[in-house]
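Participant: The structure that follows is given in the form of structure tokens.
Residue numbers (my numbering): 5 to 183.
Here you go:
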């Protein structure tokens, strides 16, 4: 009996204690999980792209090298990590642009309240996050006389110039009048 109790209480080496069993990794579950993570990241990256489109867009990825093939787990993890980094970069870029636009909107409000303090300053619609080509600019009212008198006003330009200039407008008008 003593010998049996002695064997039970003595520690054995781990290799001798447990049988050698190969651990099978469930590769299908790992692939499924990685593909779900990649799909979520691609969705969020597409959402970030749409959000940043009005702000000038985000960096587009380069084309994937190689032919179509089934990626192994390591390659799937690399794709996931690259997407996560691109998403982080896109979000950082969006937040920086949003902060800059907020600063420009605040500056525009101040410019509209006190145009005399912001002489000859120009702020475009794109700078404040609005679509179009208009520009707010502080100009003297009545030209040189207004500049000497300190009469300043804010004017919003009418928008984008015509593509091709005035000559194209004259050419299209004359062509339509001939018809």
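All C-beta atoms in this analysis are idealised placements derived from N, C-alpha and C, irrespective of residue type, glycine included.
The structure displayed is predicted, hence computed values, not measured ones.
1) Is it the case that the Cβ atoms of residue 75 and residue 49 are separated by a distance below 8 Å?
2) Grab the span of the alpha helix (DSSP H) containing residue 58 for me, first residue to last.
3) For residue 116, I'd like the list of residues in its chain whose CB is within less than 7 Å of its CB, leaving aside the five on either flank, ordered along the chain.
4) Determine, for residue 45, whether the minimum Cβ-Cβ distance to residues of chain D falls below 8 Å.
5) If we call anything under 8 Å between Cβ atoms a contact, is residue 129 one with residue 120?
6) What whole-angstrom Cβ distance do residue 3 and residue 41 have, given they're in contact under 8 Å?
7) Determine the extent of the beta strand (DSSP E) in which residue 90 is found, giving its start and end residues.
8) Tell me, please, which residues DSSP counts as bridged to residue 126.
9) Under a three-way DSSP split, which group does residue 5 fall into?
10) Name the residue from 94, 86 and 44 whose alpha carbon lies nearest to the alpha carbon of residue 63.
Facilitator: Taking the structure as given:
1) In this structure, residue 49 does not lie closer than 8 Å to residue 75 by Cβ.
2) In this chain, residue 58 is not harboured by any alpha helix (DSSP H), its DSSP state being neither H nor E.
3) Cβ contact annotation for residue 116 (same chain, cutoff 7 Å, sequence separation greater than five): 158, in chain order.
4) The chain labelled as chain D is not found in the depicted structure, where only one protein chain is given.
5) Judged by beta-carbon spacing, residue 120 lies beyond the 8 Å limit of residue 129, meaning their Cβ atoms are not closer than that value.
6) In the structure as shown, the chain begins at 5 and stops at 183. Residue 3 is therefore absent and cannot be evaluated.
7) Careful: residue 90 lies outside any beta strand (DSSP E), inside the alpha helix (DSSP H) at 77 to 117.
8) Paired residues: 141.
9) For residue 5, the predicted model reports a pLDDT of 44, less than 50, meaning its position is unreliable; a value from the coordinates is still stated below. In the three-state DSSP reduction, residue 5 falls in the coil class, being neither helix nor strand.
10) Ranking 94, 86 and 44 by Cα distance to residue 63 puts 94 first.
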